[in-house]
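> So the sequence shown is numbered by this note's numbering: it starts at 656 and just counts up by one.
Ideal Cβ placement from N, Cα and C applies to all residues, glycine included.
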Amino acid sequence: MVVRITTGKSIRGVLRYNENKVENGQATLLMASGFLQLDPDHKEKLQRLDKLIKMNKRTKTNALHISLNFSPDDKLDADTMKRIATEYMDRIGFGGQPYLVYLHHDAGHPHLHVATCNIDAKGRRLETHNLGRLLSEPARKQIEKDYGLVVAEEQGHRKRFLLQPLEPVEYGKKETKAAVTKAVQEVLYNYRFTSLGQMNAILGHFNVTAYQGEPGSRMHEKKGLVYSIVDRQGNRVGVPIKASELYERPTLSRLEKAFERNAKRTLEFRAPLKETVSKALWPSGCMEQFRKKLSKEGVGLVIRQNGEGRVYGLTYIDFVNRCVFNGSQLGKGLSAKGVQERFAALSRPCALEGPKETSIETSLLNFIPSLSRTEILDLLFQGAAYEPVPYPLKRKRKKRRRPKL
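(1) Cα separation between E782 and I774?
(2) Give a yes or no on contact between the region 904-920 and the region 832-849, applying the rule of three or more CB pairs nearer than 8 angstroms.
(3) Can you grab the Cα-Cα spacing for the pair P927 / I972, in whole Å?
(4) Who are the near neighbours of L789 in its chain, counting only those whose CB is closer than 8 angstroms to its CB and skipping five residues on each side?
(5) Could you tell me which of H759, L767, N673 sits nearest to R659, measuring between CA atoms?
(6) Per DSSP, which one or two residues make a beta bridge with I774?
(7) Got a sec, what are the start and stop residues for the alpha helix (DSSP H) I857 sits in?
(8) Quick one, which of A833, L936, G680, A718 has its alpha-carbon nearest L758's?
(9) Using the rule of at least 16 other Cβ atoms within 10 Å of the residue's Cβ for burial, across every protein chain shown, is D696 buried or exposed?
(10) Using a Cβ-Cβ cut-off of 7 angstroms (strictly less than) and excluding sequence neighbours within five positions of N961, which residues of its own chain qualify?
(11) Measuring alpha carbon to alpha carbon, tell me which residue in L985, R997, A687 is nearest M942.
(12) Just tell me which of F945, T864, L901, I798 has its CA closest to the CA of Y672.
(13) For E903 and K664, I'd like the C-alpha separation in whole angstroms.
(14) Let me make sure I understand the geometry here. Which of K987, L956, T921 has the alpha-carbon closest to that of R977?
(15) With DSSP collapsed to three states, give me the class of V677.
(16) How many Å lie between K912 and L1001 at the Cα?
(17) I think L851 touches L786, with their Cβ atoms under 8 angstroms apart; what is that distance to the nearest whole Å?
(18) Please report whether the beta-carbon of H759 lies at a distance below 8 angstroms from any beta-carbon of chain B.
(19) Can you say whether R795 is buried or exposed, counting buried as having 16 or more other CB atoms within 10 angstroms of its CB?
(20) Helix, strand or coil for T661 per DSSP?
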């Protein structure tokens, strides 16, 4: 079982994300703990949690969004997942909080999303700092043992957690704002990235992009941001939507704060991803083979090119751990320049290919083009006709005696 904990400042956003999944048939409400009704409507859910949040206005980070991810090898029914969710929340100290458990069906593995807040009935803030290390990890390990789940550390086969293909947005088929909002929410809640370029690498799977405007333009100088649908060639189509008009308000200033938080959260995944990418690179002979091998390991490769078609950057998307890295972050050998140099070296003919004469002869043929083959062979073997005279047959030189004075 893999656990991911996300804290935020908007319980409305957490609820809206999960409720949208329910409306689209991609999730179901599994249980509602601490609510008067077993199946409360959206208004009741929001009022219950919002009432607690208003009891402590000093706490700004008050929303908690937890995902419990199981392996496809874990055959769990709804009742078992309810017990697991209840036991997990008890073990991390949130069992007395009202919380909602959603079962999502939008990935290749069963997983639960838990929405709650960290303000209790007395208006006190429940500590979330180091929650994952101090309480969540021991709880996860004990639950894995009690229920016989696949241990997170043993989930080496990354295919177990590969996501189903993302549903792209097609211009004209759905209302633009709703489609873009859904795509942006999917990326914000499920992926960790440290730059707008990395975010666009993921949004590209939805045929959506975030655009700052041309450098030097008024929008770029004012740090404006719009979201647009793109076609298969990556061209923006339709009317762009301002970031402030979307439900989550994913403006550039808010995203920059998320970039800083994600920089620390992604560190633990960099070394494993580097190892996976390196293993896929060495047997590959070209960029397309490299991309296919990475895809089998749950890693997406985004190739960044300029208008002339020259590759200037590579971005790796880890769909298993939901994080993004540029090639340069994984090392020089995995950057765009390093990968292209490797493929170029593989396609370059070897300097020693050709007739198998001798290594010395071949070197001379390569580096002294002005001489003919016959002249080179003469230079190599001309000493063979003049073997040295054995020492015993050498004539002794007479000593010259000095004349007596």
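Taking the definition as stated:
(1) Sequence index remark: in the sequence shown, residue 782 carries index 127 (1-based). Sequence index remark: in the sequence shown, residue 774 carries index 119 (1-based). Rounded to whole angstroms, E782 and I774 show a C-alpha spacing of 9 angstroms.
(2) yes
(3) On the sequence shown, position 272 is the one that residue 927 refers to. On the sequence shown, position 317 is the one that residue 972 refers to. Whole-angstrom Cα-Cα distance: 13 angstroms.
(4) One-based indexing of the sequence shown puts residue 789 at position 134. Answer for L789: no residue qualifies.
(5) Position 4 of the sequence shown, counted from the start, is the residue given in the question as residue 659. Residue L767 is the option with its Cα nearest to R659.
(6) Within the sequence shown, numbered from 1, the residue matching residue 774 stands at position 119. Partner(s): R780.
(7) As a first step, residue 857 must be located in the sequence shown, where it is residue number 202. Residues 851-858.
(8) Your numbering for residue 758 matches position 103 in the sequence shown. The candidate whose alpha carbon is nearest that of L758 is G680.
(9) By 1-based counting over the sequence shown, the position of residue 696 is 41. Per the 10 Å Cβ criterion, exposed.
(10) Within the sequence shown, the letter at position 306 stands for residue 961. Y967.
(11) The residue given as residue 942 occupies position 287 in the sequence shown. Checked all of L985, R997, A687; the closest Cα to M942 is R997.
(12) Against the sequence shown, residue 672 aligns to sequence position 17. Among F945, T864, L901, I798, the Cα nearest to that of Y672 belongs to L901.
(13) The residue labelled residue 903 in the question sits at position 248 within the sequence shown. The residue labelled residue 664 in the question sits at position 9 within the sequence shown. Roughly 11 angstroms between the two C-alpha positions.
(14) Position 322 of the sequence shown, counted from the start, is the residue given in the question as residue 977. With distances taken between Cα atoms, R977 lies closest to T921.
(15) Position 22 of the sequence shown, counting from 1, holds the residue named residue 677. If DSSP states are grouped into helix, strand and coil, V677 belongs with the helices.
(16) Residue numbering aside, residue 912 sits at position 257 when the sequence shown is read from its first letter. Residue numbering aside, residue 1001 sits at position 346 when the sequence shown is read from its first letter. Rounded to whole angstroms, K912 to L1001 spans 42 angstroms at the Cα level.
(17) Locating residue 851 in the sequence shown gives position 196, counting from the first residue. Locating residue 786 in the sequence shown gives position 131, counting from the first residue. Between L786 and L851 the Cβ distance is about 29 angstroms, and since that is not below 8 angstroms, they are no contact.
(18) In the displayed structure, chain B is absent; only one protein chain is listed.
(19) Indexing the sequence shown from 1 puts residue 795 at position 140. Counting Cβ neighbours within 10 Å, R795 comes out buried, since at least 16 surround it.
(20) To locate residue 661, count along the sequence shown from 1; it is residue 6. Reduced to three states, the DSSP call for T661 is strand.
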